[in-house]
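S.K.: Using my numbering, you'd call the opening residue of the sequence shown number 458 and step up by one each time.
I'd like to ask you about the structure that follows.
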Amino acid sequence: MRIAVIGPLELPKAQGGVTRHCEEIYARVAADGHDVTVLCAGGPSPAVVHRGMRVRRLRTASSPGWERLTYAFAASWAALRGKYDVVHYHSFASSAFCMLPKLRGRRIVTTAHRIEWQDAKWGRITRWFLRYCEWVALRCSDALVAVSQALKDDLAARHARAAEIVVISNGVTRPEPADTARLAPLGLRPHGYLLVVGRLVPEKGVDVAIDAFLGLLGSDGIDVDLAIVGGGRKAGSATEVALARQAEPGGGRVHFLGVQEPDVVAMLYDNAAALVAPSYQEGQPLVVAEAMRAGCCIIASDIPAHLELLGDTGRIFACGDAGDLGRAMQWLRSHPDDARALGERAAARIAAGSYSWDEAAAATERVLASD
(Lines of atoms letter the chains of each structure in order from A and count residues from 1; the text may use other names and numbers.)
(Lines give C-alpha, C1' and ligand atoms only; values in the text may rest on other atoms or scores of the structure.)
Protein backbone atom coordinates (compact mmCIF):
# COMPACT_ATOMS: atom_id res chain seq x y z
CA MET A 1 0.00 0.00 0.00
CA ARG A 2 0.95 3.63 -0.53
CA ILE A 3 -0.02 5.33 2.72
CA ALA A 4 -0.16 9.02 3.68
CA VAL A 5 -0.12 9.72 7.42
CA ILE A 6 -1.56 13.00 8.72
CA GLY A 7 -1.44 14.05 12.38
CA PRO A 8 2.03 14.63 13.84
CA LEU A 9 3.21 18.20 13.34
CA GLU A 10 6.79 16.99 13.77
CA LEU A 11 8.50 13.62 13.48
CA PRO A 12 10.62 12.56 15.24
CA LYS A 13 9.85 14.52 18.40
CA ALA A 14 10.73 13.97 22.04
CA GLN A 15 7.21 14.43 23.42
CA GLY A 16 3.65 13.92 22.24
CA GLY A 17 1.57 10.75 22.31
CA VAL A 18 0.26 11.05 18.73
CA THR A 19 3.80 11.48 17.39
CA ARG A 20 5.07 8.47 19.36
CA HIS A 21 2.13 6.37 18.18
CA CYS A 22 2.69 7.24 14.50
CA GLU A 23 6.44 6.69 14.68
CA GLU A 24 6.20 3.28 16.33
CA ILE A 25 3.29 2.04 14.19
CA TYR A 26 4.51 3.25 10.83
CA ALA A 27 8.14 2.24 11.27
CA ARG A 28 6.80 -1.30 11.50
CA VAL A 29 4.32 -0.86 8.64
CA ALA A 30 7.14 0.45 6.44
CA ALA A 31 9.34 -2.49 7.46
CA ASP A 32 6.58 -4.78 6.14
CA GLY A 33 7.14 -3.33 2.67
CA HIS A 34 4.53 -0.58 2.49
CA ASP A 35 5.31 2.89 1.12
CA VAL A 36 4.71 5.31 4.02
CA THR A 37 4.80 9.11 3.81
CA VAL A 38 4.26 11.10 7.00
CA LEU A 39 3.08 14.63 6.21
CA CYS A 40 4.30 17.11 8.85
CA ALA A 41 4.28 20.90 9.37
CA GLY A 42 6.93 23.60 9.27
CA GLY A 43 8.18 23.29 5.67
CA PRO A 44 8.37 23.16 2.81
CA SER A 45 11.47 20.99 2.83
CA PRO A 46 12.74 17.97 0.91
CA ALA A 47 11.51 14.62 2.16
CA VAL A 48 13.83 12.68 4.46
CA VAL A 49 13.70 9.04 5.50
CA HIS A 50 13.31 8.19 9.18
CA ARG A 51 13.03 4.55 10.29
CA GLY A 52 11.87 3.57 6.81
CA MET A 53 9.20 6.29 6.60
CA ARG A 54 9.39 9.21 4.21
CA VAL A 55 8.86 12.41 6.25
CA ARG A 56 7.71 15.43 4.24
CA ARG A 57 7.28 18.88 5.78
CA LEU A 58 4.60 21.14 4.31
CA ARG A 59 4.29 24.92 4.33
CA THR A 60 2.10 25.96 7.26
CA ALA A 61 1.53 28.98 9.49
CA SER A 62 3.83 29.13 12.51
CA SER A 63 1.51 30.79 15.04
CA PRO A 64 -0.09 28.37 17.52
CA GLY A 65 -3.60 29.48 16.63
CA TRP A 66 -3.22 28.78 12.92
CA GLU A 67 -0.56 26.08 12.62
CA ARG A 68 -2.92 23.13 13.09
CA LEU A 69 -5.61 24.52 10.78
CA THR A 70 -3.22 25.33 7.92
CA TYR A 71 -1.49 21.99 8.45
CA ALA A 72 -4.81 20.13 8.22
CA PHE A 73 -5.56 21.80 4.89
CA ALA A 74 -2.04 21.51 3.43
CA ALA A 75 -1.75 17.83 4.39
CA SER A 76 -5.19 16.96 3.01
CA TRP A 77 -4.40 18.81 -0.23
CA ALA A 78 -1.08 16.97 -0.54
CA ALA A 79 -2.90 13.67 0.06
CA LEU A 80 -5.41 14.57 -2.65
CA ARG A 81 -2.65 15.33 -5.16
CA GLY A 82 -0.33 12.46 -4.23
CA LYS A 83 -0.52 8.89 -5.45
CA TYR A 84 -1.76 7.23 -2.26
CA ASP A 85 -4.06 4.28 -1.68
CA VAL A 86 -4.88 5.16 1.95
CA VAL A 87 -4.84 8.41 3.92
CA HIS A 88 -4.63 7.83 7.67
CA TYR A 89 -5.62 10.76 9.90
CA HIS A 90 -4.48 10.83 13.53
CA SER A 91 -6.54 13.12 15.81
CA PHE A 92 -9.78 14.79 14.89
CA ALA A 93 -8.09 18.21 14.93
CA SER A 94 -6.20 17.19 11.77
CA SER A 95 -9.22 15.81 9.92
CA ALA A 96 -11.15 19.00 9.06
CA PHE A 97 -10.49 18.57 5.34
CA CYS A 98 -10.52 14.78 5.12
CA MET A 99 -13.20 14.99 2.41
CA LEU A 100 -10.59 16.32 -0.05
CA PRO A 101 -8.59 13.10 -0.61
CA LYS A 102 -11.86 11.15 -0.39
CA LEU A 103 -13.06 13.06 -3.48
CA ARG A 104 -10.18 11.41 -5.38
CA GLY A 105 -11.19 7.95 -4.21
CA ARG A 106 -8.60 7.58 -1.47
CA ARG A 107 -9.50 5.25 1.38
CA ILE A 108 -9.81 7.35 4.55
CA VAL A 109 -8.97 5.97 8.00
CA THR A 110 -9.12 8.05 11.18
CA THR A 111 -7.63 7.17 14.55
CA ALA A 112 -9.07 8.98 17.58
CA HIS A 113 -6.47 9.66 20.25
CA ARG A 114 -8.58 12.00 22.41
CA ILE A 115 -11.64 14.27 22.19
CA GLU A 116 -10.08 17.69 21.68
CA TRP A 117 -13.25 19.78 21.92
CA GLN A 118 -13.81 18.65 25.50
CA ASP A 119 -10.83 20.68 26.76
CA ALA A 120 -12.05 23.52 28.98
CA LYS A 121 -9.56 26.01 27.48
CA TRP A 122 -11.42 26.48 24.19
CA GLY A 123 -13.74 29.35 23.35
CA ARG A 124 -17.10 28.85 21.67
CA ILE A 125 -15.89 29.12 18.07
CA THR A 126 -12.89 26.82 18.51
CA ARG A 127 -15.02 24.29 20.36
CA TRP A 128 -17.59 24.34 17.53
CA PHE A 129 -14.85 23.82 14.94
CA LEU A 130 -13.36 20.87 16.83
CA ARG A 131 -16.80 19.29 17.12
CA TYR A 132 -17.13 19.73 13.37
CA CYS A 133 -13.78 17.94 12.92
CA GLU A 134 -15.12 15.00 14.92
CA TRP A 135 -18.36 14.97 12.90
CA VAL A 136 -16.69 15.11 9.49
CA ALA A 137 -14.20 12.38 10.43
CA LEU A 138 -17.01 10.07 11.56
CA ARG A 139 -18.95 10.84 8.39
CA CYS A 140 -16.16 10.60 5.78
CA SER A 141 -13.89 7.84 7.12
CA ASP A 142 -14.05 4.39 5.57
CA ALA A 143 -12.70 2.92 8.82
CA LEU A 144 -12.29 4.22 12.36
CA VAL A 145 -9.87 3.36 15.15
CA ALA A 146 -9.67 4.43 18.81
CA VAL A 147 -6.78 3.86 21.19
CA SER A 148 -9.02 2.78 24.09
CA GLN A 149 -12.45 1.36 24.81
CA ALA A 150 -13.25 4.41 26.96
CA LEU A 151 -12.66 6.64 23.96
CA LYS A 152 -14.86 4.47 21.75
CA ASP A 153 -17.64 4.59 24.37
CA ASP A 154 -17.38 8.39 24.53
CA LEU A 155 -17.81 8.66 20.76
CA ALA A 156 -20.58 6.06 20.67
CA ALA A 157 -22.64 8.21 23.01
CA ARG A 158 -22.87 10.82 20.21
CA HIS A 159 -22.46 8.91 16.94
CA ALA A 160 -24.17 5.67 15.89
CA ARG A 161 -21.30 5.11 13.44
CA ALA A 162 -18.87 4.82 16.37
CA ALA A 163 -20.13 1.28 17.01
CA GLU A 164 -17.86 0.26 14.08
CA ILE A 165 -14.70 1.62 15.71
CA VAL A 166 -11.81 -0.84 16.10
CA VAL A 167 -9.92 -0.44 19.38
CA ILE A 168 -6.14 -0.69 18.95
CA SER A 169 -4.19 0.00 22.13
CA ASN A 170 -0.89 1.82 22.21
CA GLY A 171 2.22 -0.22 22.77
CA VAL A 172 4.61 0.20 25.67
CA THR A 173 8.35 0.45 25.20
CA ARG A 174 11.03 0.41 27.86
CA PRO A 175 14.47 1.65 26.85
CA GLU A 176 17.54 0.78 28.90
CA PRO A 177 17.31 3.27 31.81
CA ALA A 178 20.04 5.85 32.32
CA ASP A 179 22.34 5.46 35.31
CA THR A 180 20.78 6.50 38.62
CA ALA A 181 23.77 8.83 39.06
CA ARG A 182 21.94 11.13 36.64
CA LEU A 183 19.48 12.00 39.44
CA ALA A 184 21.87 14.14 41.47
CA PRO A 185 22.52 16.72 38.71
CA LEU A 186 18.74 17.06 38.42
CA GLY A 187 18.52 17.87 42.13
CA LEU A 188 16.77 14.60 42.99
CA ARG A 189 17.44 11.52 45.11
CA PRO A 190 16.14 7.95 44.69
CA HIS A 191 12.51 7.61 45.85
CA GLY A 192 12.65 11.19 47.08
CA TYR A 193 10.30 12.75 44.53
CA LEU A 194 6.86 12.55 43.02
CA LEU A 195 6.95 12.61 39.23
CA VAL A 196 4.73 14.29 36.62
CA VAL A 197 5.47 13.62 32.93
CA GLY A 198 3.63 15.36 30.12
CA ARG A 199 3.31 18.35 27.89
CA LEU A 200 2.85 21.59 29.85
CA VAL A 201 -0.62 22.47 28.59
CA PRO A 202 -3.79 23.18 30.62
CA GLU A 203 -5.51 19.86 29.91
CA LYS A 204 -2.69 17.90 31.60
CA GLY A 205 -3.61 19.34 35.02
CA VAL A 206 -0.02 20.03 36.11
CA ASP A 207 -1.29 23.06 38.05
CA VAL A 208 -3.43 20.70 40.16
CA ALA A 209 -0.35 18.63 41.04
CA ILE A 210 1.59 21.74 42.03
CA ASP A 211 -1.34 23.03 44.10
CA ALA A 212 -1.65 19.71 45.93
CA PHE A 213 2.09 19.51 46.59
CA LEU A 214 2.37 23.09 47.87
CA GLY A 215 -0.52 22.44 50.22
CA LEU A 216 1.44 19.61 51.85
CA LEU A 217 4.76 21.38 52.32
CA GLY A 218 5.51 21.55 56.01
CA SER A 219 3.27 18.59 56.80
CA ASP A 220 4.74 15.77 58.83
CA GLY A 221 6.05 12.98 56.63
CA ILE A 222 6.18 14.95 53.37
CA ASP A 223 9.86 14.57 52.63
CA VAL A 224 9.61 14.32 48.84
CA ASP A 225 10.00 16.90 46.09
CA LEU A 226 7.92 17.30 42.94
CA ALA A 227 9.67 16.69 39.60
CA ILE A 228 7.97 17.77 36.36
CA VAL A 229 9.20 16.46 33.00
CA GLY A 230 7.96 18.11 29.81
CA GLY A 231 7.66 21.38 27.97
CA GLY A 232 5.03 23.55 26.37
CA ARG A 233 3.98 23.39 22.74
CA LYS A 234 6.30 26.34 22.18
CA ALA A 235 9.27 27.40 24.32
CA GLY A 236 8.29 29.98 26.93
CA SER A 237 4.56 29.36 26.48
CA ALA A 238 2.07 31.13 28.72
CA THR A 239 1.31 27.86 30.52
CA GLU A 240 5.00 27.23 31.27
CA VAL A 241 5.42 30.73 32.68
CA ALA A 242 2.25 30.44 34.79
CA LEU A 243 3.31 27.07 36.23
CA ALA A 244 6.79 28.37 37.15
CA ARG A 245 5.21 31.33 38.92
CA GLN A 246 2.73 29.05 40.71
CA ALA A 247 5.60 26.87 41.99
CA GLU A 248 7.66 29.74 43.43
CA PRO A 249 6.29 29.35 47.00
CA GLY A 250 7.79 25.85 46.97
CA GLY A 251 11.23 27.28 47.57
CA GLY A 252 12.98 25.01 45.09
CA ARG A 253 11.07 21.85 46.02
CA VAL A 254 9.36 21.84 42.59
CA HIS A 255 11.81 20.90 39.81
CA PHE A 256 11.03 21.69 36.17
CA LEU A 257 13.25 19.29 34.25
CA GLY A 258 12.13 20.12 30.69
CA VAL A 259 11.94 17.51 27.95
CA GLN A 260 14.18 14.51 28.72
CA GLU A 261 15.46 11.64 26.61
CA PRO A 262 13.62 8.29 26.90
CA ASP A 263 16.41 6.60 28.89
CA VAL A 264 16.33 9.40 31.48
CA VAL A 265 12.53 9.21 31.74
CA ALA A 266 12.78 5.43 32.27
CA MET A 267 15.29 6.04 35.06
CA LEU A 268 12.97 8.64 36.61
CA TYR A 269 10.09 6.12 36.63
CA ASP A 270 12.32 3.56 38.35
CA ASN A 271 13.30 5.93 41.13
CA ALA A 272 10.09 7.89 41.72
CA ALA A 273 8.03 7.54 44.86
CA ALA A 274 5.03 7.66 42.50
CA LEU A 275 3.91 8.97 39.14
CA VAL A 276 1.19 11.61 39.44
CA ALA A 277 -1.16 11.70 36.42
CA PRO A 278 -3.55 14.65 36.93
CA SER A 279 -4.93 14.99 33.36
CA TYR A 280 -8.45 16.22 32.72
CA GLN A 281 -8.76 14.14 29.57
CA GLU A 282 -6.78 11.40 27.80
CA GLY A 283 -7.33 8.75 25.14
CA GLN A 284 -4.86 6.17 26.39
CA PRO A 285 -1.94 7.82 28.22
CA LEU A 286 1.43 6.40 27.19
CA VAL A 287 3.10 7.94 30.24
CA VAL A 288 0.87 6.00 32.64
CA ALA A 289 1.35 2.74 30.74
CA GLU A 290 5.13 3.17 30.67
CA ALA A 291 5.27 3.97 34.39
CA MET A 292 3.10 0.93 35.11
CA ARG A 293 5.51 -1.29 33.18
CA ALA A 294 8.35 0.11 35.30
CA GLY A 295 6.48 -0.95 38.47
CA CYS A 296 5.95 2.65 39.58
CA CYS A 297 3.05 3.42 41.90
CA ILE A 298 0.47 5.55 40.04
CA ILE A 299 -1.68 8.33 41.51
CA ALA A 300 -4.17 9.26 38.78
CA SER A 301 -7.26 11.38 38.20
CA ASP A 302 -10.52 9.46 37.90
CA ILE A 303 -11.02 9.98 34.16
CA PRO A 304 -12.26 6.98 32.11
CA ALA A 305 -8.92 6.44 30.30
CA HIS A 306 -7.05 6.11 33.61
CA LEU A 307 -9.67 3.84 35.15
CA GLU A 308 -9.60 1.55 32.10
CA LEU A 309 -5.81 1.34 32.01
CA LEU A 310 -5.19 1.00 35.76
CA GLY A 311 -8.10 -1.11 36.94
CA ASP A 312 -7.46 -1.58 40.65
CA THR A 313 -3.70 -1.09 40.42
CA GLY A 314 -3.48 2.66 41.15
CA ARG A 315 -4.50 5.26 43.71
CA ILE A 316 -7.33 7.36 42.20
CA PHE A 317 -8.31 10.94 43.09
CA ALA A 318 -11.14 13.21 41.93
CA CYS A 319 -10.12 14.98 38.72
CA GLY A 320 -9.21 18.62 39.29
CA ASP A 321 -9.42 18.31 43.11
CA ALA A 322 -6.07 19.40 44.57
CA GLY A 323 -7.22 18.56 48.09
CA ASP A 324 -8.05 14.97 47.15
CA LEU A 325 -4.75 14.64 45.31
CA GLY A 326 -2.95 16.00 48.37
CA ARG A 327 -4.57 13.31 50.50
CA ALA A 328 -3.41 10.68 48.02
CA MET A 329 0.14 12.07 48.21
CA GLN A 330 -0.02 11.97 52.00
CA TRP A 331 -1.29 8.37 51.91
CA LEU A 332 1.64 7.41 49.71
CA ARG A 333 4.20 8.56 52.26
CA SER A 334 2.44 6.89 55.19
CA HIS A 335 1.79 3.57 53.40
CA PRO A 336 5.00 2.79 51.48
CA ASP A 337 4.42 -0.98 51.44
CA ASP A 338 0.92 -0.56 49.97
CA ALA A 339 2.28 1.87 47.37
CA ARG A 340 5.01 -0.60 46.38
CA ALA A 341 2.41 -3.37 46.07
CA LEU A 342 0.30 -1.18 43.77
CA GLY A 343 3.31 -0.65 41.52
CA GLU A 344 3.96 -4.41 41.35
CA ARG A 345 0.31 -5.08 40.46
CA ALA A 346 0.42 -2.35 37.79
CA ALA A 347 3.49 -3.95 36.19
CA ALA A 348 1.75 -7.34 36.17
CA ARG A 349 -1.38 -5.83 34.60
CA ILE A 350 0.62 -4.28 31.73
CA ALA A 351 2.59 -7.49 31.21
CA ALA A 352 -0.65 -9.48 30.93
CA GLY A 353 -2.31 -7.03 28.50
CA SER A 354 -1.97 -6.39 24.77
CA TYR A 355 0.29 -3.36 24.88
CA SER A 356 2.68 -4.25 22.06
CA TRP A 357 3.66 -1.95 19.19
CA ASP A 358 4.12 -5.02 16.99
CA GLU A 359 0.53 -6.12 17.66
CA ALA A 360 -0.75 -2.55 17.22
CA ALA A 361 1.05 -2.20 13.88
CA ALA A 362 -0.32 -5.52 12.62
CA ALA A 363 -3.86 -4.54 13.65
CA THR A 364 -3.45 -1.15 11.96
CA GLU A 365 -2.30 -2.81 8.74
CA ARG A 366 -5.42 -4.97 8.74
CA VAL A 367 -7.65 -1.89 9.10
CA LEU A 368 -5.79 -0.02 6.34
CA ALA A 369 -6.07 -2.95 3.94
CA SER A 370 -9.69 -3.92 4.65
CA ASP A 371 -12.44 -3.16 2.14
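Don't be surprised by glycine CBs; every beta carbon is placed ideally from N, CA and C.
Hey, would you say A775 sits closer than 8 Å to D769, going by beta carbons?
M.R.: By one-based count along the sequence shown, residue 775 stands at place 318. By one-based count along the sequence shown, residue 769 stands at place 312. Not closer than 8 Å, so no.
S.K.: Curious, which full-length alpha helix (DSSP H) runs of at least 4 residues does the stretch 595-677 contain?
M.R.: For the stretch 595-677, whole alpha helix (DSSP H) runs of length 4 or above, ordered along the chain, are 606-613, 663-673.
S.K.: Would you identify the three-state DSSP class for R511, choosing helix, strand or coil?
M.R.: Stepping through the sequence shown from its first residue, residue 511 is reached at position 54. The answer is strand: DSSP assigns R511 an E or B state.
S.K.: Rounded to the nearest angstrom, what separates S813 and G628 at their Cα positions?
M.R.: Residue 813 sits at position 356 when you count from the first residue of the sequence shown. Residue 628 sits at position 171 when you count from the first residue of the sequence shown. Answer to the nearest angstrom: the Cα atoms are 4 Å apart.
S.K.: For V495, does the three-state DSSP call read helix, strand or coil?
M.R.: As a first step, residue 495 must be located in the sequence shown, where it is residue number 38. Three-state DSSP puts V495 in a strand.
S.K.: For F682, which residues does DSSP report across the bridge?
M.R.: Along the sequence shown, one-based indexing puts residue 682 at 225. Here residue 682 is Asp; the residue named in the question, Phe, does not match the sequence. Y650.
S.K.: In angstroms with no decimal places, state the Cα-to-Cα distance between A746 and V721.
M.R.: Along the sequence shown, read from residue 1 onward, the residue named residue 746 stands at position 289. Along the sequence shown, read from residue 1 onward, the residue named residue 721 stands at position 264. Computed Cα separation, rounded: 16 Å.
S.K.: Is the separation between the beta-carbon of L466 and that of V512 shorter than 8 Å?
M.R.: Locating residue 466 in the sequence shown gives position 9, counting from the first residue. Locating residue 512 in the sequence shown gives position 55, counting from the first residue. Going by C-beta atoms, L466 is not nearer than 8 Å to V512.
S.K.: In angstroms, rounded to a whole number, what distance separates the CA positions of R690 and G715?
M.R.: Position 233 of the sequence shown holds residue 690. Position 258 of the sequence shown holds residue 715. Going by the C-alpha atoms only, they are around 12 Å apart.
S.K.: Within 10 angstroms of the Cβ of I582, are there 16 or more other Cβ atoms? Answer buried if so, exposed if not.
M.R.: Taking the sequence shown and counting its residues from 1, one reaches residue 582 at position 125. With fewer than 16 other Cβ atoms within 10 Å, it is exposed.
S.K.: For I622 and G473, I'd like the C-alpha separation in whole angstroms.
M.R.: Taking the first residue of the sequence shown as position 1, residue 622 is located at position 165. Taking the first residue of the sequence shown as position 1, residue 473 is located at position 16. Distance between the alpha carbons of I622 and G473 is about 23 Å.
S.K.: Reducing DSSP to helix, strand and coil, say where F554 ends up.
M.R.: One-based indexing of the sequence shown puts residue 554 at position 97. F554 falls in the coil class under three-state DSSP.
S.K.: Quick check: what's the CA-CA separation for W788 versus C753?
M.R.: The residue given as residue 788 occupies position 331 in the sequence shown. The residue given as residue 753 occupies position 296 in the sequence shown. Whole-angstrom Cα-Cα distance: 15 Å.
S.K.: Alpha carbon to alpha carbon, what distance is there between I482 and T821?
M.R.: By one-based count along the sequence shown, residue 821 stands at place 364. By one-based count along the sequence shown, residue 482 stands at place 25. So the alpha carbons of these two residues sit roughly 8 Å apart.
S.K.: Please tell me whether S548 and K661 are closer than 8 Å, where the distance is taken between their beta carbons.
M.R.: Position 91 of the sequence shown, counted from the start, is the residue given in the question as residue 548. Position 204 of the sequence shown, counted from the start, is the residue given in the question as residue 661. Against a cut-off of 8 Å, the Cβ pair of K661 and S548 comes out as no contact.
S.K.: Where DSSP assigns a beta bridge to I482, which residues make up the other side?
M.R.: Translated into positions along the sequence shown, residue 482 becomes position 25. I482 is not bridged to any residue.
S.K.: Under the DSSP definition of a beta bridge, which residues are partnered with S758?
M.R.: As a working note, residue 758 is residue 301 in the sequence shown. BP columns for S758 point to F774.
S.K.: Can the beta-carbon of L405 be found closer than 8 Å to that of G644?
M.R.: Past the boundaries of the shown model lies residue 405; the chain is included only from 458 to 828, so the question cannot be answered.
S.K.: Which of helix, strand or coil does DSSP assign to L732?
M.R.: As a position in the sequence shown, residue 732 is number 275, starting the count at 1. In the structure shown, L732 sits in a strand (DSSP, three-state: E or B).
S.K.: How would you call A734, buried or exposed, if buried means at least 16 neighbouring beta carbons within 10 angstroms?
M.R.: As a working note, residue 734 is residue 277 in the sequence shown. When all chains shown are included, A734 counts as buried.
S.K.: Evaluate V698 with the Cβ neighbour count: other Cβ atoms within 10 Å of its Cβ, from every protein chain shown; 16 or more gives buried, anything less gives exposed.
M.R.: Within the sequence shown, numbered from 1, the residue matching residue 698 stands at position 241. It is exposed - the Cβ of V698 has fewer than 16 other Cβ atoms within 10 Å.
S.K.: Tell me which residues share the same chain as E705 and place their Cβ nearer than 6 Å to its Cβ, disregarding the 5 neighbours each side in the sequence.
M.R.: Taking the sequence shown and counting its residues from 1, the one referred to as residue 705 is at position 248. Closer than 6 Å at Cβ, skipping near neighbours: no residue.
S.K.: In the DSSP assignment, what are the bridge partners of T568?
M.R.: On the sequence shown, position 111 is the one that residue 568 refers to. Paired residues: H547, V602.
S.K.: Taking only the alpha-carbon atoms, compute the straight-line gap between R588 and A684 and give it to the nearest angstrom.
M.R.: The residue given as residue 588 occupies position 131 in the sequence shown. The residue given as residue 684 occupies position 227 in the sequence shown. Their Cα atoms are separated by approximately 35 Å.
S.K.: Can you tell me which of the three DSSP states R516 falls into?
M.R.: As a position in the sequence shown, residue 516 is number 59, starting the count at 1. Reduced to three states, the DSSP call for R516 is coil.
S.K.: Can you have a look at V829 and say buried or exposed, based on whether 16 or more other CB atoms are within 10 angstroms of its CB?
M.R.: The structure shown does not extend to residue 829, since the chain is modelled only from 458 to 828, so the question has no answer here.
S.K.: Which residue wins for smallest C-alpha separation from V663, given the options H712, R564, R646?
M.R.: Your numbering for residue 663 matches position 206 in the sequence shown. Closest option to V663, Cα to Cα, is H712.
S.K.: With H, G and I counted as helix, E and B as strand and the rest as coil, what does DSSP make of S502?
M.R.: Stepping through the sequence shown from its first residue, residue 502 is reached at position 45. Looking at S502 - three-state DSSP - the assignment turns out to be strand.
S.K.: Could you tell me whether the stretch 518-533 touches the stretch 487-503, using the rule of 3 or more Cβ pairs below 8 Å?
M.R.: Yes, the stretch 518-533 is in contact with the stretch 487-503.
S.K.: Could you give the distance in angstroms between the alpha-carbon of L732 and the alpha-carbon of Q738?
M.R.: In the sequence shown, counting from the first residue as 1, residue 732 sits at position 275. In the sequence shown, counting from the first residue as 1, residue 738 sits at position 281. One C-alpha to the other measures close to 17 Å.
S.K.: From C479 to A730, what distance separates their C-alpha atoms?
M.R.: By one-based count along the sequence shown, residue 479 stands at place 22. By one-based count along the sequence shown, residue 730 stands at place 273. Approximately 31 Å, taken between the alpha carbons.
S.K.: Which residue marks the beginning of the alpha helix (DSSP H) containing L537, and which one marks its end?
M.R.: To locate residue 537, count along the sequence shown from 1; it is residue 80. From DSSP, the alpha helix (DSSP H) with L537 extends over 521-538.
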